[in-house]
Amino acid sequence: MNISGRLLKYANCAASAVSPDYRWKRFVLLLLLFVLARGIVLLCILPPFEGWDEYQHVAYVQHLIEYGEPPVLRRSTVSRDLLEALIAFPQPPDMARQLQETGALDYDAFYQRPQPPEYNPSHSEIPLYQAQHGMLYYKLVRPVFSAVGGIERLVVSVYSLRVINLFFIVVSLALCIWLFGDIIGHNRHAALISFIVCCQPLYLINGCRIANDALAVLSATWVIAWTLKPGLQNRLIHTILAGFAFGAGVWAKTTVLALAPYIVICLGLSVYQKRIAVHKALMTACIFIVAAAAVSFPQFMFGIRQYGMLAPMQESLIIRDKGIGFSEMSAMCLDMNIPLRIVKLWLRDSLWIGGWSFLKVKFVHNLLFLVLIAGLSGWVFQIFRKPGRFQPLFDYDALNFKCIVLIACLSAGLAWHMVVLRAAWFPNTASTNPWYVAMAFPFGLVFVYNGAKRWNEKIAAGLGGSIAIIYLGTEFYGMVFKMIPFYSGGGAGIFAMEKISRFHPAWMGFSTFIVSAVLGFIVLLTIGMVFARFAVIKTDGESH
């Protein structure tokens, strides 16, 4: 039996997951296989160091190898051996500007030269500004980087670490899907939500690069699952694991700290609803804090010892040097129109960004914005709807409030980062990046879908399907008509992919690209067959 026949048979089994009697796990495996196939396709297209600031993250790992200790912001520099190796690759424009003195060239200039660029050993030192990050991720991947060859086999080393990060992303999505199936039920609503979440392109792009983001997203997702799944806060082992996950997330990337107020509010809500006694909640909080501190303590001590602050960023040091205080920074918020910027980040800019070259498919952003707003408007419609005519997505309605709190806390973190960037670097503007809150993308989509369901189930299915189509359509268009031509210096088709593949290891070359693309397409068709089966099964038999 060929692969499509096997997957069709699998689809018939997976579609039966609409009721508790059947096998939800088969459908979940299809979704994860789809994410994995798309991730490999992306890695086959994405040139080395096209991930934003990727060379800096590689430099962090190399610093650990060369010196045996973490780099220090404003003191450590990028390894000259690494810089010499980087010259052999075409580079995204921002990276080429940062490394201009070394002889590095962007894609257009690189492909126009008849000979490879030459390394300029007399260049000035390049600051290792990503030394601002916690050391956990880099310590974890350092043995792998060394084992596969390090700088001597730089391409193999880069793609080995990218595959590890892709694995982190797949596990994060598996955790999300497990949660959705548990709190929603093994039904078509959970299936559609899970599919939409797995289609989110920026979530995938942000993970398929060498950086600490994928590990931070995985850790944060574990913590969020602990807060959303009713009853887990009452269980000692789950509280300890959630504390460990939070500590690991903070040690990986400081953005995870934005979850702290969210966790406090969720515990308070559980007390208010009498799902946990006050003394038990206090004990849970203490256990969580101790577990988190046990993991993150080395990072906090390093920050205090080196910088005099718990969570240093290069912007924080600049602000301290300038003598800008909290009151001055708070005053900056008044003329920044932060609410509008936050809405734009969540509903438009979180769609798709093509690596550190910041390629975009602009004409789709407004369409996604309208679809998401249409879903969210269901919450307003529900206010005027007669009671009893709506079947909720969750039995435990406080989950909706927790999703709002999660988005609000992370939005506050984005807002503060805008202010910090403005105070440190950009006095006339304010900016930040949507992928800093990638941990909340799945739960934001759940909230949108739940709003659409308040209109009715057909509208929810239509809007959910529209979001998935926009996501996949944008990803396909962006890869084929934006990424491939740009990264190949203006080429197209097979010729362009062959040019790009010259800078990939053999196991991430053109053949892997074709196999993964075909596999992803077959799995997508199989998932479509699953949903076709979903459509003929009545909701009455579903679990909630």
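In this text, residue positions in the sequence shown follow our numbering: the first is 4, and each later residue adds one.
Glycine included, each C-beta is placed from N, C-alpha and C at the ideal position.
Bear in mind the structure is a predicted one, so any value in this text is a computation, not a measurement.
Asp109 sits in a strand when the DSSP states are folded into three classes. Rounded to the nearest whole angstrom, the CA to CA distance from Glu318 to Val253 is 18 Å. With a beta-carbon spacing of about 5 Å, Phe92 and Pro51 fall inside the 8 Å limit used to define contacts.
The beta carbons of Val200 and Cys336 sit no closer together than 7 Å. Taking 7 Å as the cut-off, the Cβ atoms of Val159 and Pro437 do not count as close. A Cβ-Cβ distance of about 6 Å is found for the pair Val173 and Leu35, placing them in contact under the 8 Å criterion. Taking C-beta atoms as the reference points, Ala401 and Leu466 fail to come closer than 7 Å. Annotated three-state conformation of Gly358 is helix, per DSSP. In the three-state reduction of the DSSP assignment, Gln385 falls in the helix class, which pools H, G and I. Looking only at Leu527, Leu417, Phe30 and Trp359, the smallest Cα-Cα distance to Trp181 is reached by Phe30. Between Val61 and Ile213, the C-beta spacing is below 7 Å. For Glu104 and Ser469, the gap between their C-alpha atoms comes out near 47 Å. The DSSP assignment places 139-150 as complete runs of the alpha helix (DSSP H) inside the region 138-183, in order along the chain (cut-off: 4 residues).
With respect to the 7 Å criterion, Leu169 and Cys211 are classified as neighbours on the basis of their beta carbons. DSSP places His60 in the uninterrupted alpha helix (DSSP H) bounded by Glu57 to Tyr70. Residues Leu178 and Leu182 of the same chain have their beta carbon placed closer than 7 Å to that of Ala228, with the five preceding and five following residues left out of the count. Checking the DSSP bridge columns, you'll see Gln135 has no partner listed. When DSSP assignments are scanned along the region 195-223, the uninterrupted stretches of alpha helix (DSSP H) that are 4 or more residues long and fall wholly within it turn out to be 204-210. As for any alpha helix (DSSP H) of minimum length 4 sitting wholly inside the region 417-464, the runs are 444-456, ordered along the chain. In the structure shown, the three-state DSSP call for Pro130 is strand.
Within the same chain, Cβ atoms closer than 7 Å to the Cβ of Gly523 are found at Phe37, Ala40, Arg41 and Val44, the five residues on either side in sequence being excluded. Sorting Leu33, Trp355, Leu76 and Lys283 by C-alpha distance to the C-alpha of Met138 places Leu76 at the top.
Within 10 angstroms of the beta-carbon of Asp216 lie 16 or more other beta-carbons, which makes it buried.
Under the criterion of beta carbons closer than 8 Å, Pro120 and Ala134 do not qualify as touching, at roughly 27 Å. For Leu285, the enclosing alpha helix (DSSP H) covers residues Val281 to Tyr310. Per DSSP, His507 lies in no alpha helix (DSSP H) and is assigned neither H nor E. Take Leu320, set aside five residues on each side of it, and the residues of its chain with a beta-carbon closer than 8 Å to its own are Leu76, Arg77 and Tyr310, in chain order. Straight through space, the alpha carbons of Phe516 and Ala411 are spaced by roughly 39 Å. Around the beta-carbon of Lys277, fewer than 16 other beta-carbon atoms lie within 10 Å, marking it exposed. Cβ-Cβ distances below 8 Å link Val526 to Leu10, Leu33, Leu36, Phe37 and Ala40 in the same chain, with the five nearest sequence neighbours on each side left out; the list follows chain order.
Assignment of Gln276 by DSSP, reduced to helix, strand and coil, places it in the coil class. When beta bridges are read from the DSSP output, Gln94 appears opposite Asp109. Contact check between the region 346-355 and the region 472-481: three or more CB pairs, one atom from each, fall below 8 Å, which counts as touching. When only Cα atoms are considered, Leu270 and Val364 end up about 41 Å apart. When C-alpha distances from Leu350 are compared across Ile307, Gly531, Gln203 and Val144, the shortest belongs to Gln203.
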